[in-house]
Every structure is written in structure tokens, then in C-alpha cells.
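A.B. asks:
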Amino acid sequence: MTSVAIVTGAGSGIGAACAERLANTVDVLLLADVSEAGVTAKATALAGQGAACEPVVVDVTEANAVRDLVTRASSRGTLRSVAHVAGISPTMGGWRRILDVDLVGTARLVDAVLPLAEADTAIVCFASMAAYLNVQTNPAADAVIDDPLADGFFEAYTAAVGEPAPDPGIAYAWAKRGVQRLVRRHAAAFGAVGARICSVSPGTIDTPMGRQEYEQQPMMKVLEDMTPLHRMGRADELAAVVSFLLSDDASFVTGVDVLADGGACAAVGVLD
Ligand SMILES: NC(=O)c1ccc[n+]([C@@H]2O[C@H](COP(=O)([O-])OP(=O)(O)OC[C@H]3O[C@@H](n4cnc5c(N)ncnc54)[C@H](O)[C@@H]3O)[C@@H](O)[C@H]2O)c1
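Each residue of the sequence shown is one higher than the one before, counting from -19 in the working numbering.
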């Protein structure tokens, strides 16, 4: 049977590094991104690396486009792996767009993938260390982010977080906390067919996104100085974590978040 993988956000940064790692693990690799130039270039670069690479232009905020992506994957063979890496950061959009891409888009993709899951299917979604660093205890907000596909989600978010003009950085942290909680919530449904779902929370990673945040937010330099490894992570280091979680080596790992932050959260003390 033909094995298929999907990588979203494959046109840049960590997603592109994940595509490189997965290219020799499956027969068909769908490289999905809102940036046509990014995925076309990546598909060309990976030609001859093992998998047949197909660039797919998808905006994860568009429900039909997400469904079409998953339908296309199922038409190619058995869905083995999904690395859902696409996302935007606090300096890349307003609070609503951040929640839409990072949390609502993830919920849509996971819902679309679930019916195709079977034994040994694995999906990894992307959260962030921001979910550990920048979220205050708020059960009402947790209840809202646990239902991101509900009508009135954005209004419910502003009411629960208590901000009439929400901050993009806070929205990013809540969106990524929502991803971590979504993964925990969905472990049973995926597990019912022998499939797995995890999230990965990167620290500051040397990608176009990571560099933009580093340059525009002075706190990032302070955080780097506190980080035990005293540096940014590399995209290939995150791709290695994703590759492990999607592999049979992680066959008993599901419903958890893996924090890959060079020790930043431990140093700040938010894990205590
Ligand atoms: N780089 C970091 O420091 C860092 C830190 C924590 C978390 N993350 C998370 O890691 C993931 C990857 O980040 P990166 O550093 O590789 O970023 P990046 O900006 O280099 O790449 C992100 C990719 O996602 C795509 N994308 C954005 N919006 C999309 C949409 N609506 N639909 C489809 N594709 C879309 C972009 O076109 C881009 O190719 C993101 O989810 C991000 O939130 C990154």
C-alpha cells in the first residue's frame, strides 16, 4: 500500500526541515503551505529524495481547502504521518488571525484527519513555549479554547480573556495552549484505532519567524541569556523531534506535548 505524509508549513523554517526528514519515510509527501512559492521550491529541492513530492497551496483557515488537502492525501494511499507545522507568530498578525491560523486551523485539520486514521497513523501539531510562559490560570478561557470551532468563538475568547482589544502575544499563547489541550483531548479518539497525536512546543528557533520575533521583542534576548543552552534552536533539531514522534520508535507516546526549548521554561521556573 502506498504510504502518504502531509507537512503543513512546508514552505519555510521548521516545516521545510520536517519535509526533508520525512521525504525518505513515505511514498508520497504532500507539501502544504499558503505560500505557493515556498512549497513549489521545496518540492523541486526534494525531487529524487525518495517520496513523490506534491506542492499544495492551502490556507489552513479555509475549511474547504483543509478538507481538500486531506481528501487528496487519502486518494494517494494510506495516511501514515502528518506534521502540522504551519502557523503565525505575535508580530505576524492581529489577535483574531493568530487564533484562526494557530488554533482554529489546527482543530479543522485534526477533525479532517481523524476519519482517515488507522493503526500506526501519527500526527504532530505545533504549539509553543509561549503557552507555558505567557498564560495565566483562567478556567473560563480554557473552556473557550477547548471549543475553537464553536459559533462565536472569537467573541467568547475576548470575553473570557477580559480584553476588549486583545494583545496578539497573549492570543498566540492561548492559541498554542489550545493546541496542547486539543492533542490531549483527541488522544482517545485516535487511540481507538491505534493512531497517535502529540504536540511539540519549540523555544526560539532560528527560522524567518523566530528571527522576526527575536528582532522585534527585546524580551527574547533576555530569555536567550537565561536559557541553559544560550542559543536559538535550529529547524533541523525540531524536525528530529517531529521525526521521532511520527516514527515507530514513539509507538507508546500519545496525548502529550514535547517541549523543545533548550531549557528556557525550566530556567524561568514555569514548570515547577
Ligand atoms: N520559530 C520559532 O521561534 C517558533 C517558536 C515557537 C513555536 N513556533 C511554531 O513553529 C511553527 C513553525 O514556525 P517556523 O519558525 O517554521 O515559521 P516560518 O514562518 O518560518 O514558517 C511557517 C510557515 O507556515 C506557513 N503558513 C502561515 N500561515 C499559514 C496558513 N494560514 N495556512 C498555511 N500555511 C501557513 C507560512 O507560509 C510558512 O511557510 C509555527 O506553528 C510556530 O508558531 C516557532
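Cβ atoms here follow ideal geometry from the backbone N, Cα and C, with glycine treated the same way.
Note that this is a predicted model, so its numbers are computed, not measured.
Report all residues from its chain with a CB closer than 6 Å to the CB of Y137; omit the five preceding and five following residues, and keep chain order.
C.D. replies: Contacts found: V124.
A.B. asks: Identify the residues that DSSP records as bridge partners of F259: which are they?
C.D. replies: The requested residue 259 does not occur in the structure, where the chain is confined to residues -19 to 252.
A.B. asks: Between K22 and A3, is the Cβ-Cβ spacing less than 7 Å?
C.D. replies: no
A.B. asks: Heavy atom of ligand 1 less than 6 Å from the Cβ of A220, yes or no?
C.D. replies: no
A.B. asks: What do you get for S55, buried or exposed, if any count of 16 or more other CB atoms within 10 angstroms of its CB means buried?
C.D. replies: exposed
A.B. asks: Leaving out the 5 sequence neighbours to the left and right, which residues in its chain are closer than 6 Å to N114 when beta-carbon positions are compared?
C.D. replies: A153
A.B. asks: Does any heavy atom of ligand 3 sit closer than 6 Å to the C-beta of M(-19)?
C.D. replies: Although ligand 3 was asked about, the structure shown includes only ligand 1 as ligands.
A.B. asks: In whole angstroms, what separates the C-alpha of A151 from that of W75?
C.D. replies: 5 Å
A.B. asks: To the nearest whole angstrom, what separates the beta carbons of A(-15) and S61, a pair I think is in contact under 8 Å?
C.D. replies: 4 Å
A.B. asks: Between A107 and S179, how many whole angstroms is the CB-CB distance? I'm expecting something under 8 Å.
C.D. replies: 5 Å
A.B. asks: What's the call for V221, buried or exposed, on a 16-neighbour Cβ count within 10 Å?
C.D. replies: Taking a 10 Å sphere around the C-beta of V221, we find 16 or more other C-beta atoms and assign the residue as buried.
A.B. asks: When you compare only the Cα positions, how much space is there between D228 and A145?
C.D. replies: 45 Å
A.B. asks: Pop quiz: A256 and G(-5) are said to be a contact at Cβ under 8 Å. What is the actual Cβ separation, rounded to whole angstroms?
C.D. replies: Nothing can be reported for residue 256: it is not among the residues displayed for the chain, which extend from -19 to 252.
A.B. asks: When the Cα atoms are used, what is the spatial distance from R47 to R191?
C.D. replies: 32 Å
A.B. asks: Looking at C-beta atoms only, is the number of pairs between the stretch 181 to 195 and the stretch 208 to 219 that lie closer than 8 Å three or more?
C.D. replies: yes
A.B. asks: Is any non-hydrogen atom of ligand 1 found closer than 6 Å to the C-beta of P148, if you look at the structure I gave you?
C.D. replies: no
A.B. asks: Using only the alpha-carbon positions, how far apart do Q29 and V19 sit?
C.D. replies: 15 Å
A.B. asks: Would you identify the three-state DSSP class for R1, choosing helix, strand or coil?
C.D. replies: Correct three-state label for R1: helix.
A.B. asks: Hey, A31 and V38: beta-carbon distance below 7 Å or not?
C.D. replies: no
A.B. asks: Note the first and the last residue of the continuous beta strand (DSSP E) segment covering S61.
C.D. replies: 58 to 64
A.B. asks: Just to confirm my understanding: we take V173, look at its own chain, exclude 5 residues before and 5 after, and list those with CB closer than 8 Å. What are they?
C.D. replies: A97, E98, A99, T101
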